[in-house]
Structures are given as structure tokens and as C-alpha cells.
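Student: Taken in sequence, the protein lines are chains R and D. My numbering puts the first sequence at residues -12 to 330. My numbering puts the second sequence at residues -12 to 330. Backbone N, C-alpha and C define an ideal beta-carbon position, used for all residues, glycine too. No experiment lies behind these values; they were computed from the predicted model shown. Shown below is the structure under consideration.
2 protein chains.
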Amino acid sequence: MTNPSPPPAPTLRDVAEAAGVHTATASRALNPKTRQQISAETARRVMRAAQALGYHPNSVARSLKTSRSSTVGLVIPDLTNPLFPPIVRGVESVLESDGYNVWIVNTDNDEERERATIESLRSRQVEGLIIATARLDHPLLRQLHEQGVTMVLINRQVEHLPLPAVTGDDATGVAAAVRHLAGLGHTRIAHLSGPLTTSTGRVRSQSFRHAVRDLGLAGDLVVECARWNEEDGAAAMRELLARAGDVTAVVAGNDLIALGCYDVFAERGLSCPGDVSVIGFNDMPFLDKLRPPLTTVAVPHHELGAEAARMLLDCIDEPDRPARSLLLPVSLVVRGSTAPPRA
Amino acid sequence: MTNPSPPPAPTLRDVAEAAGVHTATASRALNPKTRQQISAETARRVMRAAQALGYHPNSVARSLKTSRSSTVGLVIPDLTNPLFPPIVRGVESVLESDGYNVWIVNTDNDEERERATIESLRSRQVEGLIIATARLDHPLLRQLHEQGVTMVLINRQVEHLPLPAVTGDDATGVAAAVRHLAGLGHTRIAHLSGPLTTSTGRVRSQSFRHAVRDLGLAGDLVVECARWNEEDGAAAMRELLARAGDVTAVVAGNDLIALGCYDVFAERGLSCPGDVSVIGFNDMPFLDKLRPPLTTVAVPHHELGAEAARMLLDCIDEPDRPARSLLLPVSLVVRGSTAPPRA
DNA sequence: GCGTCCCCCGCAAACGATTGCACTGCCCTG
DNA sequence: CAGGGCAGTGCAATCGTTTGCGGGGGACGC
């Protein structure tokens, strides 16, 4: 049908020829920044020719020459975690209006994939990276930083590395969660923490200990989950029940871990919030429709993404800018998974 | 600190000089495909030099020369719809093992953004496109097809355009849903369809009409939602209740529309499945934890992604391959949102 | 009428890799 | 011992743009 292989895409050269000018002139005429170097009449002719031929500049050639790309990379650990899509949207919303393209990669929490994908982003000349996969000890990021790669962290931090970062105020969020439970009368409050290799895991866990201690409660009811998902949340909950059957409330490291608790409740015939209250973290979508609706700490993910993007733009424009960190406020959303303990 | 701007990344030329050979030789030595043209000893020397310098090939330069990029674009309408992340993973799982990178873009259901992002993908020489944004009438895709762009559709089709596609067997799924409801004793069964501008919307809607008619039931209880989300699902449900207050069961165009129904039930004090049964479509994550757990039609999204990716690879390897379409089987997952109608 | 300035535009060199072609030796065969 | 073949390497063009530099020519001042 349309098989007789379509004509190759027109190049700047074709446009220049059609307009009867040199490629340099055509290039300048097409670029708004340099257009005033060209007479209005010529510029018009070139633009018309470009239009007529359906010319689209080849970004690859442009990148090669300018070593810029109008592209930034966004490195996500697990796109299926509902917390990330809003971040993506936030990032896109500010970068695209600024003429940048966003290249999203998904590492699946695999260090090798992370290395490979970042490598591939760099080899394509991305101008900066927004990293959501940070671990506290992260040699790869350290190395990138030493190589002068422009990047900002989102949601998580790296230890001993002065990188710009945008995160939620986890400490305050966890404290609010604990206070809420204590206010309901709970005294045996546990925490199912996320991996302590991540700053979110560690900060939330530490804040939990501080918060319970400040209230004069036991601070040792903490179980760590190996990953931020339901399965590991469920495993941790089982371990918790085995270790301390008298807990009446749980602060989960995130919403997925809380959902893991729901699974265990179903499995053991426990009622929530009747037997055990649970609080999640993040306020991912649809929590209000769960059974019971999950009380959680809402983190403004879209804003996190937008702010990280803005920060990255600043870093690109002004490379020697000192790294600053932005902490966005979070808020407790009380729903149906928390109630006073049984008398 | 590390400010004294880091040394520029080493190029092939640097490697060649370090190894005492010409860049052509270095290039061949580093490429497994051409390495046998080079003596083992020289190859080793080059590879060692590359290693020592920390050389990484510049993909931009490579793409410019070869007009290939080892990259494919994945065009998603809305990443926050939980149906898409598994598709992304499926696509990545096969493409990355084949040495390709996946560039995910999110159009937000906006035609202008779609055009812009696809344009930007093309200008970066992507070798193929996987499109999840197809509408039945889609001039842009028609144009791309005429220009010989390699692409495969996923989840949705385009009318009158011979494009390879991988979709779920929507017709069978809807029929199973209707039969399930009829089997429970429902006779007033409605359908809240997705936008009829999409193949999924239309196919599901048509299958619904066929299925109810085959059972001798009314086939006119159909309301169209403008978009595939909760809000529009809720609006459609309200309209349905206004038009036909006696419906006892609803087949929703997808899970989000079904969740919109849940919102209306809450608003009106209706019980599900007591007053109204609901069936969704897709089996997105966490439906089992809803109140009530949503009966739905499970679509193998990960597989859809993987098959689409395989198909795209085939199309890249063999451009003149006739377009084939793959229909993956779906299955009804019965949960708690469906029950016999009140007597 | 001549010198100067400036406006437009063209020339050509990049950017970093790939690859067809040509060249050098060497080995092998007849 | 001559000639063919082949393995290993270098040469140089090329992909499509951008951009510093320089030149031609018109306008203008003196």
C-alpha cells in the first residue's frame, strides 16, 4: 500500500535549498533566538519552506552539536506504586511548560537496572536527573555527583552527600500519626517501618521512636519491612503479632505496608479498627474506598514533583548553586482504620 | 568542593589514542559485532584503555550516524490510571532484555501534548512506538502510518487502519459479565460505557447490547462516560438512576467508572451489592480490598505489554510484515460487588 | 568621491561515532 | 619465486545541526 518506502524526512539542507539560502542561514532563521540576525524577508521565506516541506529538526544532530538535549531523566523505583504517577505528573507539568522533555525510567528497585538506565540517560545527554530511588548509602549517586551530574532527589535523601532534595515532612507526619493514636487511648503502638536503607524508612522509624518515647510509651515495637510493598508489610505484621500480640495500633511505613496489614487481619480474623488500628503513609489514590477506609498521612506528591522539577531547572541554570533541601508539609487524614482500643 | 568542573567525558578518540590505534579500530574493537575484524591483542588493548578511562559511548553521536537509537517510545494517556503501570512493566521486561530502552511519555489525554511528545520521540530517532492512546478516528496515527512509522497499538484500536495491535478480548469479557449478572437473576442490567471514541468503549458497549439482547433483556440501558475516570463514572451513574431507577445491576466500562458508582451509592445511601450490583473491567490493583470488593474482568496487562513489545520488535526487524492483531483472553473475577437482586 | 560601519549572509569547522574502501604485510599455494 | 588471498588497520566521508568568523555591499558621513 504505502509500502514504497516513504521519502526520507527533510533536513535543514532541504529547507535551505528550497529557500535558496545556506543551511547556516536557514538554521538561524528557524531559531527564534537568532532570527533577528536574518532579514525579515529571508526568515519568512525559510520558515515557509520549512512549513511546506514538513521539516522537523533532528534533535539528535542538534544534541550532538550543542551537547544539550532539552531532556531530563526521571528515575523511579517502581511505577506500580501509586505514589509515583502523581510525582511524574508534577515533574512533567513544570518541565514541559519550560520546553523540556522528561524521560521516565523504572528501575524496579534493581541496582543493576538503575545503573544501566542512568548510564543510558547520560549517554543521551540528559541535562539533569530527578532521582526517586535514593538509598542512604548510594555509591552510584556519589559517583555521579563527583562527575558533576546535575540532579535533585525527590522523596528520599542520601547520607553525607550535599544534593538538593524535595521531600515530605515525614517526621512531623509520623508524630501526628502517633499523637492521633495516643489521643484515641492506644498505649501499645507499633511501627512497621520501610527499609532502613532509605531515608524515608529511617526518618519515619526514628520519628516514631521519638514520638512514642515522648509520650512515655514503649519504643521497641518496631519491625522493618524489606521492601515497601504489601507482601513484606504482611510478613512484618505477622512477625509483630508473634512478638507482641497485645498491640492495638500500628503506624505503617507507607500505605502498601498498611494494606499488607489488612491482608493479615483477613487471614487471622482480626477486625480493623476494632482489634487493631492502622495508619498508612502517602495517601495514595482510592484509600477512601477501602474496607475500612485507611487513615493515613497525605503527602503532596504532585507538588513534590513540581518543586523538584523547578529545583532542577535552577540547578541547570546555575550549576554552582548550593544544594538546598525543601521539606513540604504533610497532613494527617483520619478515616476509618483508627478508633479507640477495645476497653 | 568538587567544583573545578569535572573533566569532560572521554571520547572514542581518547580511547584510541590511549591504546595507540585509530578511532576506527577502537570502534570496531569495542563493538562485539565487529570485534573479530580486529586482532585479539589489539582488541584487548582497546578494551582495557576504555575501561581505564571510564569510556562510555555517546549514544547521540551513534544515533546520528546510524540513524538508530535502540529506543522505542511508549505513549500512555494517563499514568495515574493503575491499568498502565503494569503495561509499562510488561513492555520494559521484553524490550530491555533485548537491549532497547523505553521512553515513556504521558499525554494526559491531550491531543496537543500527544502530538508534541510523539514529535519529540521521532526527532530522537526512536525505532518504534507503542501507542496506548488510540482513538477510533485518529488522524495523527494515520499520518504517522503513512509516513512509515513503525508502531503497534496496545489495548485500543484505530478504525480503518491496518496497524498491529494487542488487546484484551473485551467482547468475551463483557459477555461473561452480563451472563454472570443474568445468572444471579438480574433483568434490569445497565452499562456505563467508556468514551465511544475509543475502541474499548465501543466494543464493550456493543458487546453489552448483544449480550443483553441475546438474553432477551432491555438493551437501551446504556450511558456513556466522557472519560474513563471516577468522576465521569459517577456522573453517568447519576444520570442512569435518574433515567431508570429500577436498574439492579451495572456493567461499568472499567474499574474507575465502577468506583464512580461506589461514590454515588455512598451519596445516595444505596447498598452494593444489596441494591445494585456492579462489575468493573481491568482488575486494577487493590480492588479486592475495596468495600465491597469489586467483581471485575481481569485483563492480563503485563502480558499485553510484553506481547506488544514482542510484536514491535518483529515489526522493526521485518518492516513489511503484515499487521496482525492479538487478542488476549480475559477472565471474570467474582468478588463481593455482585449478588442476586432483592426479591 | 572615498572611507567606515553595519547588516546579512555564506564558509567551514566542529560534535563523536560508524563504516566502505584502500592499503600493508604476511602466509600460502602452485 | 611470483602472485593471490586474507587478516588487520588506517583514511576519510558521513550523519544533520550549530556557530565563530569573515566578506560583500549598501548606506551614510565628511
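#1: Could you work out which residue in Leu179(R), Arg111(R) and Ile117(R) is closest to Leu51(R) when comparing CA atoms only?
#2: Do Asp324(R) and Thr282(R) have their CB atoms nearer than 8 Å?
#3: Is the beta carbon of Leu108(D) less than 8 Å from the beta carbon of Trp90(D)?
#4: How long is the line joining the alpha carbons of Pro316(D) and Leu82(R), rounded to whole angstroms?
#5: Could you give the DSSP three-state label for Ala245(R): helix, strand or coil?
#6: Using a Cβ cut-off of 9 Å, which residues of the region 87 to 117 of chain D contact any Cβ in chain R, in chain order?
#7: Looking at the secondary structure, which residues open and close the alpha helix (DSSP H) in which Met34(R) lies?
#8: Rounding to the nearest angstrom, what Cα-Cα distance links Ala213(D) and Thr184(D) in this structure?
#9: Could one say the Cβ of Asn45(D) lies closer than 8 Å to chain R's Cβ atoms, at least one of them?
#10: Let's see if you can read the secondary structure: which residues bound the beta strand (DSSP E) around Ser180(R)?
#11: Since I believe Leu140(D) is in contact with Ala158(D) (beta carbons under 8 Å), could you give me their beta-carbon distance rounded to a whole number of angstroms?
#12: Do you know offhand how far Gly220(R)'s Cα is from Ile303(D)'s?
#13: Apart from the five residues on each side of it in sequence, which residues of its chain come closer than 8 Å, Cβ to Cβ, to Glu218(D)?
#14: Residues of the region 55 to 73 of chain R with a CB closer than 7 Å to any CB of chain D: list them in chain order, please.
#15: Can you tell me where the beta strand (DSSP E) holding Thr154(R) begins and where it ends?
#16: What in chain D is Cβ-close to Glu79(R), meaning under 7 Å?
#17: Are Val33(R) and Ala295(R) closer than 8 Å when you measure CB to CB?
#18: Against Tyr75(D), what residues of chain R qualify as contacts under a CB-to-CB distance less than 9 Å, listed in chain order?
#19: For a quick check, are the C-beta atoms of Ala326(D) and Leu227(D) less than 8 Å apart?
#20: Of all the residues that make up the region 298 to 310 of chain D, which are near chain R by a beta-carbon distance shorter than 8 Å?
#21: Can you list the residues of chain R that Arg278(D) reaches, using a CB-CB cut of under 7 Å?
#22: Select from Val47(R), Asp242(R), Ile118(R) and Pro280(R) the residue whose C-alpha is nearest the C-alpha of Gly292(R).
#23: Does Pro287(R) have its Cβ less than 8 Å from a Cβ in chain D?
#24: Which chain R residues sit within Cβ distance under 9 Å of Gln38(D)?
#25: Of all the CB atoms in chain R, is at least one closer than 8 Å to the CB of Leu17(D)?
#26: Unbroken alpha helix (DSSP H) runs of length 4 or more, entirely within the region 208 to 256 of chain R: which are they?
#27: In this structure, does DSSP put Leu148(R) in helix, strand or coil?
#28: Using a 10 Å radius around the Cβ and a threshold of 16 neighbouring Cβ atoms, would you call Asn18(D) buried or exposed?
#29: Count the other CB atoms within 10 Å of the CB of Gly86(D); is the residue buried (16 or more) or exposed (fewer)?
#30: Closest Cβ-Cβ distance between Gly292(D) and chain R: below 8 Å?
#31: Have a look at Ile244(R) and Ser14(D) and give me their C-alpha separation to the nearest angstrom.
#32: Exposed or buried, Thr187(D), counting other C-beta atoms within 10 Å across all chains shown (16 or more means buried)?
#33: When the Cα atoms are used, what is the spatial distance from Leu274(R) to His197(R)?
#34: Using alpha carbons as the reference points, say which of Pro287(R), Asp262(R), Val265(R) and Pro(-7)(R) lies closest to Pro272(R).
#35: To the nearest angstrom, report how far apart Gln23(R) and Val8(R) are at their CA atoms.
#36: I'd like to know whether the C-beta atoms of Leu208(R) and Arg175(R) end up nearer to each other than 8 Å.
Tutor: In short:
#1: Arg111(R)
#2: Looking at the sequence itself, residue 324(R) is Ser, so the reference to Asp does not match. Yes; because the gap between Cβ atoms is below 8 Å, this pair is in contact.
#3: yes
#4: 39 Å
#5: helix
#6: Asn88, Val89, Trp90, Ile91, Val92, Asn93, Asp95, Arg100, Ala103, Thr104, Glu106, Ser107, Leu108, Arg109, Ser110, Arg111 and Gln112
#7: Ala27 to Leu40
#8: 9 Å
#9: yes
#10: Ile176 to Ser180
#11: Going by Cβ atoms, the distance from Ala158(D) to Leu140(D) rounds to 17 Å, so no, they are not a contact pair.
#12: 42 Å
#13: Gly247
#14: Leu66, Thr67, Pro69, Pro72 and Pro73
#15: Ala152 to Gly155
#16: Asn93
#17: no
#18: According to the sequence shown, residue 75(D) is Val rather than Tyr. Residues of chain R passing the Cβ test: Leu66, Thr67, Ile91 and Asn93.
#19: no
#20: Asp307
#21: Lys276, Leu277 and Arg278
#22: Ile118(R)
#23: no
#24: What Gln38(D) touches in chain R: nothing, since even the nearest Cβ is about 14 Å away.
#25: no
#26: 217 to 230 and 242 to 255
#27: coil
#28: exposed
#29: exposed
#30: no
#31: 49 Å
#32: buried
#33: 27 Å
#34: Pro287(R)
#35: 16 Å
#36: yes
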